């Protein structure tokens, strides 16, 4: 048991480091999201939430990067049409939040690989 102690301590330290990193990133994203949402009216927030919900269920499809010539499934077409119908403010918020989540996931992936 005593011989395992250094490995357990190392595991505990890595676990705490991961938790601190995750909490820090979630706080940053949460603040960014709140600041953005405070600027949007109720209709724009509804549009944004609807499209985020639709797009979150799709793999390898971003309605912001698609256009009418992009081959799409029925679900992708629905997300694209909903995105295209959004106001400019909602589109800007969608892109900003999407980029923040992508950055967060990339940083988490890189942190895991570094370990």
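Numbering (the working numbering), first residue to last: 46 to 160. We treat Cβ as the ideally placed atom computed from N, Cα and C, and that holds for glycine. On a predicted model such as this, the values are computed, not experimentally measured, just so you know.
- Taking a C-beta distance under 9 Å as the contact criterion, residue 60 and residue 141 do not qualify as a contact pair.
- Positions of the alpha helix (DSSP H) runs, each at least 4 residues long and wholly inside the stretch 65-138, are given as 87-101, 119-130 in order along the chain.
- When the beta-carbon positions are compared, residue 124 and residue 104 stay at least 9 Å from each other.
- With distances taken between CA atoms, residue 131 lies nearest to 86 out of 150, 114, 86, 158.
- With fewer than 16 neighbouring CB atoms inside 10 Å of its own CB, residue 67 falls in the exposed class.
- Each of 90, 100, 151 was checked against the Cα of residue 119, and the nearest Cα belongs to 100.
- Contact between residue 139 and residue 128 holds: CB atoms are separated by about 7 Å, below the 8 Å threshold.
- Across the structure, residue 121 and residue 56 are spaced so that their CA atoms are roughly 42 Å apart.
- Counting C-beta atoms within 10 angstroms of its own C-beta, residue 144 has fewer than 16 neighbours from the protein chains shown and is therefore classed as exposed.
- Residue 117 is a Cβ neighbour of residue 106, given a cutoff of 9 Å.
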